[in-house]
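This report refers to the structure that appears directly beneath it.
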DNA sequence: AAACGAGGCGCC
DNA sequence: AAAGGGCGCCTCGTTT
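In the numbering used here, the protein residues as written are 995 to 1528.
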């Protein structure tokens, strides 16, 4: 039986969810009480607020139901995306009271000082336990009333499990060798300089750019660079790298090099290290449900965008290994499973789906098969995707039809859903289906069905891996980026965890789609350094 | 001085 | 080869 949990300053209150108030008890320590019962699903308002103190006290929770995340999913399902989703708001809607706005999330730094759950703003006289019970009961009814209750229930469970994993990942952080990072920065940029002073390599490149133009140019200013090219007789539409690469001018090579290095300095330089690396770990804050498609976001440090050139700084700690598992070609595989296109499912039985498609329709030209398939999922119509798209439409009509139908619904301002029922946001009030807006919306909904389904597959995968890890001493999740999981574990359990990630991927596929021919092969490597994976 | 949009680029 | 989906976050340059 699920148990409702209402944290308070000292501990909290617990109530088995039976429809009555019988059996409520107060505990001095939630961590102790929750640790005594490793099977129960704990129902609470907000995992991000309730779980950190419990985890900090040493208790890992196996399962929960996050009322706020579930409320957001249910509101979205009804086309009410973005309405306040806190328990207080859900309760106010149930009672016909004014709905309080969601509180903005506390800054990460702020949260470290303000330890403990954020206050739930309920009207005076409302008992938080009764509110939680009422909202939970209502949510169960609404889940049961969806078109596919079993699927939506799985979505809610996965979203809630993800919230637990996110708190654990935020607490754990990613092993980070600051010395290795600093050495890489010095090799690329030169010795560290004080704030506002460009490092040696950037200064050199800046001088070369100025020499090539015959005047001083600020490479950080697109307007200045554009003006310099114009004065030199080159009309360039922007200063994007791929545009500049086509321009024949001596300033281009140092400019491209400058952009690359300046980016590393700004995004992941010495200042970044001081701000975001603590105790040998890089600590982004993971935000489940932070993206409309159900992907996670992170707050702080750009946690989902670690540049590949710096991944050498991610090193397993002594006696341990990093198991890096990546679900390759996830989106086209999910397209096959979603659409049940037989020909594409046959291709998805291969380890390399793009190669399988290429060998059947593109005379083995894998690159063209990939361009065509990505173009189909992203809504590209012209360019190099046009011809491969026509070939795919001929050969995989069922899969392509699913995408084109999603696009058509979007172009008309309609809603689409993922496989488990996550629903895209509605168009704004003032939206009108004029050409460009309709096409843009069509590309969004076309991509949404695939990206959101990929996100939920990955969430289920993560939840299964997390559950499996509970029985491996010393194993911890240290990174999750859309379709990649990194676990740090004692060297001797590397093989078992590799196997766990593979089995979990298979199970995730079966949980979402039942028995299909679509396989979800992983690239898994047990390494001592992140840079050595993949 | 602070807020904001645009341009740009890292990741998936 | 070409520029289509989702983000976070930097700098620049303008507006408030």
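For each residue, glycine too, the CB sits at the ideal point set by N, CA and C. Just so we're clear, the structure is a prediction, and the values are computed from it rather than from any experiment.
Quiz item: In terms of residues, what are the limits of the beta strand (DSSP E) holding residue 1292?
Solution: Unbroken beta strand (DSSP E) run through residue 1292: 1291-1293.
Quiz item: Considering only residues of the same chain and omitting the five flanking positions on each side of residue 1011, which have a CB-CB separation below 7 Å?
Solution: If we look at residue 1011 and ignore the five residues flanking it on each side, its Cβ neighbours are 995, 996, 997, 998, 1037, 1127 and 1130.
Self-check item: CB of residue 1168 within 7 Å of CB of residue 1255, strictly
Solution: Contact flag unset, no.
Practice problem: Assuming residue 1332 and residue 1447 form a contact by the criterion Cβ under 8 Å, report the distance between their Cβ atoms to the nearest whole angstrom. | Solution: Right, their Cβ atoms sit about 6 Å apart.
Self-check item: Separation of residue 1257 from residue 1285, as counted between CA atoms
Solution: In a straight line, the C-alpha of residue 1285 is about 24 Å away from that of residue 1257.
Self-check item: Where the alpha helix (DSSP H) through residue 1173 begins and ends
Solution: From DSSP, the alpha helix (DSSP H) with residue 1173 extends over 1172-1183.
Quiz item: Beta-carbon separation of residue 1082 and residue 1136 under 7 Å?
Solution: Cβ atoms of residue 1082 and residue 1136: not closer than 7 Å.
Self-check item: Boundaries (first-last residue) of the alpha helix (DSSP H) holding residue 1267
Solution: Start and end: 1264-1270.
Exercise. Return the chain-ordered list of same chain residues with a C-beta closer than 6 Å to the C-beta of residue 1350, the five sequence neighbours on each side being excluded.
Key: Correct list, in chain order: 1341 and 1344.
Quiz item: So, are the CB atoms of residue 1519 and residue 1318 less than 7 Å apart?
Solution: Yes; because the gap between Cβ atoms is below 7 Å, this pair is in contact.
Practice problem: In angstroms with no decimal places, state the Cα-to-Cα distance between residue 977 and residue 1028. | Solution: No information on residue 977 is available, as it lies outside the stretch 995 to 1528 that the chain covers here.
Exercise. Give, in chain order, every unbroken run of the beta strand (DSSP E) that is at least 3 residues long and sits entirely within the stretch 1273-1346.
Key: Qualifying beta strand (DSSP E) stretches, in chain order: 1279-1281, 1291-1293 and 1314-1321.
Quiz item: In angstroms, rounded to a whole number, what distance separates the CA positions of residue 1141 and residue 1264?
Solution: Cα-Cα distance, rounded: 51 Å.
Practice problem: Excluding the 5 residues preceding and the 5 following residue 1085 in the sequence, name in chain order all residues of the same chain whose CB lies nearer than 6 Å to its CB. | Solution: By the criterion of a C-beta distance shorter than 6 Å, residue 1085 is surrounded in its chain by 1125 and 1129, once the five residues flanking it on both sides are discounted.
Exercise. Tell me, please, whether the stretch 1425-1439 touches the stretch 1394-1406 by the rule of three or more beta-carbon pairs shorter than 8 Å.
Key: Yes, they touch.
Quiz item: Whose CA, out of 1383, 1016, 1395 and 1293, lies closest to the CA of residue 1335?
Solution: Residue 1395 holds the alpha-carbon nearest to the alpha-carbon of residue 1335 among 1383, 1016, 1395 and 1293.
Self-check item: Enclosing alpha helix (DSSP H) for residue 1156 [first to last residue]
Solution: Residue 1156 -> alpha helix (DSSP H) spans 1143-1166.
Quiz item: DSSP state of residue 1003, grouped into three classes?
Solution: Coil.
Self-check item: Close Cβ partners of residue 1364 (< 7 Å) along its chain, the five nearest in sequence each way excluded
Solution: Hits under 7 Å: 1348.
Quiz prompt | Beta-carbon gap between residue 1475 and residue 1316 smaller than 7 Å | solution = Contact flag unset, no.
Quiz item: Going by the CB atoms, is the gap between residue 1005 and residue 1022 shorter than 7 Å?
Solution: With a cutoff of 7 Å on beta-carbon distance, residue 1022 and residue 1005 are scored as near each other.
Exercise. Jot down the residue ranges of each uninterrupted alpha helix (DSSP H) in the stretch 1207-1252, minimum 4 residues, whole runs only, in chain order.
Key: Runs of the alpha helix (DSSP H) inside the stretch 1207-1252: 1216-1225 and 1235-1238.
Self-check item: Sub-7 Å separation of residue 1414 and residue 1149 beta-carbons
Solution: In terms of Cβ geometry, residue 1414 and residue 1149 form a close pair [threshold 7 Å].
Quiz item: Within 6 Å: the Cβ of residue 1206 and any heavy atom of the ligand FAD?
Solution: Ligands are entirely absent from the displayed structure, and the ligand FAD is therefore not among its contents.
Practice problem: Going by DSSP, name the residue or residues bridged to residue 1059. | Solution: Per DSSP, the beta bridge partners of residue 1059 are 1037.
Quiz item: Rounded to a whole number of angstroms, what is the C-alpha to C-alpha distance between residue 1494 and residue 1201?
Solution: When rounded, the distance between both Cα atoms is 53 Å.
Quiz item: Under the three-state reduction of DSSP, which class applies to residue 1115: helix, strand or coil?
Solution: Looking at residue 1115 - three-state DSSP - the assignment turns out to be coil, as it is neither helix nor strand.
Practice problem: Please confirm if the stretch 1033-1050 is in contact with the stretch 1155-1170, defined as three or more CB-CB distances below 8 Å between the two stretches. | Solution: Touching, yes.
Quiz item: Taking buried to mean at least 16 other C-beta atoms within 10 Å of its own C-beta, is residue 1287 buried or exposed?
Solution: With 16 or more other Cβ atoms inside 10 Å of its own Cβ, residue 1287 counts as buried.
Exercise. Can you grab the Cα-Cα spacing for the pair residue 1223 / residue 1266, in whole Å?
Key: Going from the Cα of residue 1223 to the Cα of residue 1266 covers about 32 Å.
Practice problem: Look up residue 1473 in the DSSP assignment and give the residues it is bridged to. | Solution: Note: residue 1473 is bridge-paired with 1480 in the DSSP secondary-structure output.
Quiz item: For residue 1009, which beta-bridge partners are listed by DSSP?
Solution: Residue 1009 is bridged to 998.
Quiz item: When DSSP labels each residue in this structure, what does residue 1510 get in the three-state scheme?
Solution: The answer is coil: DSSP assigns residue 1510 none of H, G, I, E or B.
Quiz item: Contact check, residue 1172 vs residue 1271 under 8 Å by CB: the rounded distance?
Solution: Their Cβ separation, rounded to whole angstroms, is 6 Å, which keeps residue 1172 and residue 1271 in contact under 8 Å.
Self-check item: Option nearest residue 1185 by Cα separation, candidates 1249, 1259, 1243 and 1247
Solution: Per the Cα distances, 1259.
Quiz item: How would you write the range of the alpha helix (DSSP H) that residue 1434 sits in, first residue to last?
Solution: Per DSSP, residue 1434 belongs to the alpha helix (DSSP H) from 1429-1463.
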